[in-house]
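Residue numbers (the working numbering): 7 to 409.
What follows is the structure in structure tokens.
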């Protein structure tokens with residue numbers, strides 16, 4: 007870039023600038039679309055199991071195939087957005103996702119439902135990584151942690167609204183209706199993003215090249231600290247998705263015997279937990295993300311231990327702490343990747359999220375086997391291993407390359 011271009015380039019956004027909040031709100035809408043579509047079936051897995059005559063592990067395929075496809079989609083969405091731009095890729099993905107969610111409500115059988123869920127996963131890759139890449143390009147490093155925390159908080163609200171809304175509605179009406187509603191809301195979110203999100207001001211198009219894409223992946227894998235951050239995503243998301251895949255089965259059975267409405271309402275913990283992502287982002291900007299990351303994982307571990315209790319109030323507190331810890335750890339790891347990658351940022355963010363959703367897919371399925379064999383104790387054992395590994399990974403990262 008020439009000196010004249012540098013002088014004429016508009017400044018990046020800081021948190022005290024009006025444009026900062028316009029960008030954050032727009033990208034929160036993109037996260038709402040993505041995570042509503044991704045997680046809306048999670049609280050109704052027991053309903054789907056009963057409706058289609060399948061077991062718990064088989065019902066989890068409605069989540070597992072989506073997250074596997076999302077990971078695969080991330081491989082392509084990063085390079086495509088590096089070539090075509092951030093906003094066009096996000097808009098295409100959001101509109102297509104909304105239409106497929108409406109089609110999902112009319113799926114005639116389990117196999118068609120799984121095909122549609124897989125297609126949705128492929129498209130979500132064009133949202134979940136690209137919105138954070140947009141932030142990394144348009145927001146100052148000083149305010150990036152706060153911006154990432156806000157957008158991730160929006161992601162969690164989207165996931166919460168879809169979980170609670172679909173979960174509660176499924177006890178009072180056919181599950182097809184709330185699922186179709188998620189699709190309509192996704193289309194509305196896409197329209198608002200088209201109107202509100204400014205065009206990228208610091209994006210430089212790159213020629214779409216397979217050789218360059220592979221070279222960028224190699225570069226990121228050899229950047230100190232990034233591989234450990236990718237592993238953090240694998241372990242954290244694996245634990246998070248596994249927990250919420252099977253907590254519904256636990257609450258419906260002994261000793262709680264709660265209804266589907268109560269299972270859906272458990273996702274209300276996402277509302278206060280969103281503050282953890284914002285707080286972790288601020289702590290990351292002020293003290294360094296390493297400290298916030300390890301502290302968040304410790305909160306996850308404490309919450310998990312409490313969910314072993316047979317008393318619902320204790321389990322509810324444990325679920326809240328587990329969720330808060332996850333969002334804090336995820337926020338710090340995501341912000342770290344955005345800061346550390348100095349080129350091909352969309353691909354770096356995609357690599358983090360690929361590991362993120364591969365972890366969700368593998369652990370989510372293993373959790374179903376644990377549930378079928380040992381009930382909640384089997385799920386707890388797997389989650390404890392994942393969280394312990396995440397903490398060790400964070401400590402090892404400290405000695406090599408600080409967050």
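Backbone N, C-alpha and C define an ideal beta-carbon position, used for all residues, glycine too.
Since we're looking at a predicted model, the values are computed, not measured.
Limits of the unbroken alpha helix (DSSP H) element including residue i
i           : result
residue 330 : 318-346
residue 48  : Unbroken run through residue 48: none, as it is neither H nor E.
residue 251 : 232-258
residue 101 : 92-110
residue 208 : Where residue 208 is concerned, there is no enclosing alpha helix (DSSP H), given that its DSSP letter is neither H nor E.
residue 314 : First-last for residue 314: undefined, no H or E at that position.
residue 127 : 116-134
residue 113 : No alpha helix (DSSP H) contains residue 113, which DSSP labels as neither H nor E.
residue 63  : 62-65
residue 221 : 216-227
residue 278 : 276-293
residue 268 : 266-271
Residue i to residue j span [Cα, whole Å]
i           : j           : result
residue 159 : residue 92  : 20 Å
residue 260 : residue 379 : 16 Å
residue 153 : residue 25  : 12 Å
residue 377 : residue 384 : 6 Å
residue 202 : residue 262 : 45 Å
residue 245 : residue 366 : 7 Å
residue 233 : residue 279 : 27 Å
residue 275 : residue 281 : 11 Å
residue 101 : residue 306 : 35 Å
Cut-off 6 Å between Cβ atoms - residues of its own chain near residue i, not counting five sequence neighbours on either side
i           : result
residue 189 : 104, 107, 108
residue 77  : 360, 363, 364
residue 71  : 120, 123, 124
residue 354 : 226, 343, 347
residue 356 : 80, 84, 135
residue 75  : 124, 127, 128
residue 40  : 130, 133, 134
Buried versus exposed call for residue i [16 or more other C-beta atoms within 10 Å across all chains shown]
i           : result
residue 358 : buried
residue 291 : buried
residue 48  : buried
residue 269 : buried
residue 289 : buried
residue 399 : buried
residue 393 : buried
residue 112 : exposed
residue 179 : exposed
Cross-strand partners of residue i (DSSP beta bridge)
i           : result
residue 190 : Residue 190 is not bridged to any residue.
residue 19  : 145
Residues near residue i in its chain [Cβ-Cβ closer than 7 Å; skip 5 each side]
i           : result
residue 303 : 331, 335, 393, 396, 397, 400
residue 200 : 97
Residues near residue i in its chain [Cβ-Cβ closer than 8 Å; skip 5 each side]
i           : result
residue 277 : 163, 166
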